Amino acid sequence: METRRQSASAFQQVMQQQAAEKNIVLDGQQLQLITRLDALIAPVLSHAQRFHHGLYIWGEPGRGKSFIADAFFNWAPLAQKKRVHFHLFFRELHQIIARGSSVEAAIEACIGRCQLLCFDEFHLHDIGDAMLIKPLLEQLFQRGVLLVATSNHPPENLLANPLYHQRFLSSIALIREKMEVIALTGEKDYRTLTHEAQGAFRYGGLLIAATQAQRQRLELPAPAEAPLPLKAGYRILETLSPAGAFLHFSFNALCAAPTAVMDYLQLCEQYPQWLVEDVPPLARVSPAIQQRFINVIDVLYDLQCRLFLTTNYPLATLTQGVELDDIQRTHSRLNVLPVYQR
């Protein structure tokens, strides 16, 4: 019991210190989440009976989910722990399965001897990923792995596409049965207060009707006379200039084409700086194109690539009128970009 009290106190102290450093006053829901994370890990540290296998934390972007989950992961005194971005984890899982491994063996290869697995940005749009969720959860829970997941959506809203949602209901039931679900519904967007994105992403920019002089000062490439082919996985994409310091796309070439998350992940490994030209108000394009743009921003943000966007519209106009729930996360992430305009 003494070990349990000490570990709980230690994590709460860590959170209070980190919040103070960022000039954040933790609200009641955030304090409750910190307490529940303490309760989650305490049985592991004291070898006591466990009541939950994990925590599923959801809320709108910027409510402190990743801030608290990251601090918990960094603090957790476990020898084997792993923090992964959702897209990267499932790309690795698919690649191992494609090489001939069973689903169970692929999951084993991905999680190893992990005692704590933290999933950042648990969101589902791909039915192929969704069909792997249940065997993954079953294997994690059977092995006693602690799972902490953050999401913008409650479990019931995962894989919201009505064409596929029915096939995911058993996975939702498993999440509800084995994990404690906690919502952070505060009104503050802490990203706007603390610049949560501390990597290269926020050193890009949103250029609104920018001048040529502004582009030159930022050392952005000019379009070539004709589009250039670029291989991404099994696809050939069209770029606006030779791939060098920047990977240079038009919005249509990147998002209107049938591109996928796997393509963006592969390109990010080679090109850490992106320039995407002529982004329109997203309400004017199809939901499929909207979703590709959302996925692009997710991948670039998760991998902290530097991003410049050119457009003739302010950010509020770009995202206004889009009915996809994930657009709130996209708006929050783009909101950290410096704005350059005429």
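Count along the sequence shown from 1, then add 142; that gives the number in the numbering used here. Quick reminder that beta carbons are idealized off the backbone N, C-alpha and C, glycines included. Note that the structure is predicted; figures quoted are calculated from it, not measured.
- Using a 10 angstroms sphere on the CB of Ser474, the tally of other CB atoms reaches 16 or more, which defines it as buried.
- Cβ-Cβ separation between His265 and His236: approximately 17 Å, too far for a contact (criterion under 8 Å).
- For the 9 Å CB-CB criterion, Leu449 and Leu479 form a contact.
- Counting the other CB atoms within 10 Å of its CB gives Gln415 a total of 16 or more, which places it among the buried residues.
- The distance from the Cβ of Ala342 to that of Cys447 is about 6 Å, consistent with a contact at the 8 Å cut-off.
- If you draw a straight line from the Cα of Gln172 to the Cα of Lys207, it is about 8 Å long.
- Nearest neighbour of Glu250 by Cα position, chosen from Pro363, Leu279, Ser312, Leu168, turns out to be Leu279.
- According to the DSSP assignment, Glu380 belongs to the beta strand (DSSP E) that extends over 377-381.
- In the DSSP assignment, Lys224 forms a beta bridge with Leu259.
- DSSP places Arg484 in no alpha helix (DSSP H); its state is neither H nor E.
- Within the same chain, Cβ atoms closer than 8 Å to the Cβ of Phe231 are found at Cys252, Phe261, the five residues on either side in sequence being excluded.
- Listed in chain order, the non-local C-beta contacts of Phe283 below 6 Å within the same chain comprise His195, Lys320, local neighbours out to five positions each way being set aside.
- In the structure shown, His195 adopts coil according to DSSP, grouped into three states.
- Using a 10 angstroms sphere on the CB of Leu305, the tally of other CB atoms stays under 16, which defines it as exposed.
- In terms of Cβ geometry, Phe388 and Leu348 do not form a close pair [threshold 9 Å].
- His390 is a Cβ neighbour of Thr381, given a cutoff of 9 Å.
- The Cβ atoms of Ala272 and Leu316 lie no closer than 9 Å to each other.
- With contacts defined as CB atoms closer than 9 Å, Leu288 and Gly201 fail to qualify as a contacting pair.
- In this chain, the beta strand (DSSP E) harbouring Thr292 covers 288-293.
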